[in-house]
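Reading through the C-alpha cells given below for one structure.
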Amino acid sequence: MNYERADLLDKLAAEYVLGTLAGPARRRFERLMRTSPGAAKAVVVWQRRLIPLARSLPDAMPPERVWRGIERRLDEPMHAARPRRRWWDVLLPVATLALGVLLGVALMQQLPRPPVPSPVERSILPESYVGVLTDASGQAALLAGSRRHGKELFVKMLKPLDPPSGQVAVLWALPAKGAPFVLGVVPAGKKATLTMADTSERLLSQVSRLAVSFEAGMPGPGVSPGQFVLQGHCVKLW
Amino acid sequence: MRLFPVALRILNQRELAEEVLQESFVSIWRHASSYNPVLSQPLTWLTNIARNRALDALRSTQYRSGMVSLDDESGAVALEVADDRPEPLELLNQAEDRLRLSECLKGLEPQQRRSVALAFYDGLTHAELAQALDAPLGTVKAWVRRGLEKLKRCMEK
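Written out as C-alpha cells, the structure is:
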C-alpha cells in the first residue's frame, strides 16, 4: 500500500480518529504516524474535526484516588514494571500536582525549555506556576504560567475575552490570606506576555487563585477588583 | 476537564476508566514535548490521548472476554446492555447544538449519522457496527466512510 498518497492517508486518519480503524491496522497506522509527517498532520486535522463531539458527554468527576495514583506513577522510573491496581491503597492526598499536569502541559509548551532534555522525567516541565481560569460556565478560558524565578507571565486565551468598550481585562492574584493584587492588564489577542513587578516566586508563592475582571483602566495600588469574569486555581508545578 | 467522561463513556466501567485516566495523564506528562500548539488545541490533544487509551483498553482481549462476548447471542452488542446513559445519537444531536459542525452533521444520511455516533461515543469497530445495525460489513464500512467524507467536504467549505 502506498501510504504517502494523500487521499488514502486522509481516509485512514479519519477512521483512526473515529476509532473504526482497529486491530493490527490501528497499530500499523500509529507506527506510520510517528514517521510520516503527512499522516500525523492528517490525524491532527481529523482530531480537530471530530474530538469536539466529546463536549456533549455528561460531565463526570474522577475520584480523588485517581490523582493520588497519577502522582505515584509519576514518581516511578519510566520503564519499571507497574504494579497493577494498587493505586487505591495509596494514602497521600496530593491532588494539585497531578491536576497541574493537565492544566499545565499545554501551557508549558510555550515556556522556554532547557535545551538539553534531562533523563529525569520531571524536568520535561520546568518549575512553574500555572493558572487555568474558567468562565462562569466552567469552560477553560485562559491559561497563565510563569517560570518560578522569572518575571514574565505567559498568558494564553482559549476563548476571546471581549471586555466592554472602554474597559480592559485585568489579571488579579488572590492570595490565600490578604487582599487581591494586580498582576497586569491582559491585552487583546490570543497570546500575551506580561512583565510582573517581581518574580513569580515572590509574588505567587502564597497565591492560590487567579482571576480576571474588567476595569476602566489599570487599577492603582489598594483598589479592590470589580466582579470577576474568570477565576481559577494557581498551582505550583514542580 | 473532559478526559474522564470520554474514558467513562467508552468503557462504561468506572474502575477501568479511572485506570485509563491515570495512564493518560502519565502519558501526557511524558510526551508533553510531542504536543504542537500550532496544530492542535490543548484540549483536543489531551482528549484524544484519553480516547485512544480508552479504545485500546476496550479492545484489549482481557477486557472483552470479561465484559462482553460478541459471539454470545444474549450479549449481542455492548450497547444493548440496559443502562440509563444517553444514546449515542442523542449525544450527537446535543453536540450539534453547540458546535460549528452542526450544519455538516445534519447533512449526513441517517445510517451514516448513526454509524458515526456509535463509533465515536461507544468505540464500536466496523464488525460491531455491522452487528449493532444489523447490516452487512461492507455496507457499514461504506456508511462510515461516506459519512466522514461528507463531513470533511462540508467542513472545508
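Read top to bottom, the protein sequences are chains A and B.
Position 147 of the first sequence, counting from 1, maps to 147 under the numbering used here, and the rest follow consecutively.
Position 89 of the second sequence, counting from 1, maps to 1089 under the numbering used here, and the rest follow consecutively.
In this text, a Cβ means the ideal position worked out from N, Cα and C, and glycines have one as well.
{"query": "So, with DSSP's three-state summary, where would you put residue 209(A)?", "result": "strand"}
{"query": "Can you have a look at residue 146(A) and say buried or exposed, based on whether 16 or more other CB atoms are within 10 angstroms of its CB?", "result": "buried"}
{"query": "List, in chain order, every chain D residue whose beta-carbon is nearer than 7 Å to that of residue 20(A).", "result": "Looking for chain D here will not work: the only protein chains present are A and B."}
{"query": "On a Cα-Cα basis, can you pick out the residue from 1132(B), 1111(B), 1102(B) and 1153(B) that is closest to residue 53(A)?", "result": "1102(B)"}
{"query": "Starting from the Cα of residue 141(A), find the closest Cα among 210(A), 60(A), 73(A) and 27(A) and give me that residue.", "result": "210(A)"}
{"query": "Please report the residue range of the alpha helix (DSSP H) in which residue 174(A) lies.", "result": "Premise fails: residue 174(A) lies in the beta strand (DSSP E), 168-175, not in any alpha helix (DSSP H)."}
{"query": "For residue 49(A) and chain B, any beta-carbon pair shorter than 8 Å?", "result": "yes"}
{"query": "Report the neighbours of residue 1044(B) on chain A: residues whose CB is nearer than 8 Å to its CB, in chain order.", "result": "47, 48, 51 and 52"}
{"query": "Per the contact definition of three or more C-beta pairs closer than 8 Å, is the stretch 1014-1023 of chain B in contact with the stretch 148-163 of chain A?", "result": "no"}
{"query": "Quick check on the burial criterion: 16 or more other C-beta atoms within 10 angstroms. Buried or exposed for residue 61(A)?", "result": "exposed"}
{"query": "Using CA coordinates, which residue listed in 1008(B), 1115(B) and 1089(B) is at the minimum distance from residue 981(B)?", "result": "This structure does not reach residue 981(B), given that chain B is present from 1001 up to 1157, and the question cannot be answered."}
{"query": "Could you name the residues of chain A that residue 1053(B) contacts, counting a contact when the two beta carbons are closer than 8 Å?", "result": "What residue 1053(B) touches in chain A: nothing, since even the nearest Cβ is about 12 Å away."}
{"query": "Do we get a CB-CB distance below 8 Å when we pair residue 207(A) with the residues of chain B?", "result": "no"}
{"query": "Skipping 5 residues on each side, what residues in its chain have a beta carbon closer than 8 Å to that of residue 224(A)?", "result": "179 and 180"}
{"query": "Measuring alpha carbon to alpha carbon, tell me which residue in 1004(B), 1026(B), 1056(B) and 1022(B) is nearest residue 58(A).", "result": "1004(B)"}
{"query": "Distance, Cα to Cα, residue 174(A) vs residue 20(A)?", "result": "47 Å"}
{"query": "Entirely within the stretch 127-166 of chain A and at least 3 residues each: give me those beta strand (DSSP E) ranges in chain order.", "result": "128-134, 140-147 and 152-157"}
{"query": "Can you look up residue 1124(B) in the DSSP assignment and give me helix, strand or coil?", "result": "coil"}
{"query": "Closer than 8 Å by beta-carbon distance: list the chain B residues that pair up with residue 63(A), in chain order.", "result": "1018"}
{"query": "What is the residue span of the alpha helix (DSSP H) that residue 223(A) lies within?", "result": "No alpha helix (DSSP H) holds residue 223(A); DSSP gives it neither H nor E."}
{"query": "Please report how far the alpha carbon of residue 1052(B) lies from the alpha carbon of residue 1010(B), in whole angstroms.", "result": "10 Å"}
{"query": "Which residues in the same chain have their Cβ closer than 8 Å to the Cβ of residue 1121(B), if we skip the five residues on either side of it in sequence?", "result": "1009, 1010, 1088, 1091 and 1092"}
{"query": "How close, in whole Å, do the beta carbons of residue 171(A) and residue 184(A) come, if the pair is a contact with beta carbons under 8 Å?", "result": "6 Å"}
{"query": "Run down chain B in chain order and give the residues with a C-beta less than 9 Å from the C-beta of residue 28(A).", "result": "Here the premise fails: no neighbours, minimum Cβ distance about 14 Å."}
{"query": "I think residue 51(A) touches residue 1044(B), with their Cβ atoms under 8 Å apart; what is that distance to the nearest whole Å?", "result": "5 Å"}
{"query": "Under three-state DSSP, which class holds residue 1155(B)?", "result": "helix"}
{"query": "Residues in the same chain with beta-carbon distance under 8 Å from residue 1021(B), minus the five sequence neighbours each way, listed in chain order, please.", "result": "1003, 1004, 1007 and 1050"}
{"query": "Let me make sure I understand the geometry here. Which of 26(A), 56(A) and 55(A) has the alpha-carbon closest to that of residue 43(A)?", "result": "26(A)"}
{"query": "Is it the case that the Cβ atoms of residue 1130(B) and residue 1144(B) are separated by a distance below 8 Å?", "result": "no"}
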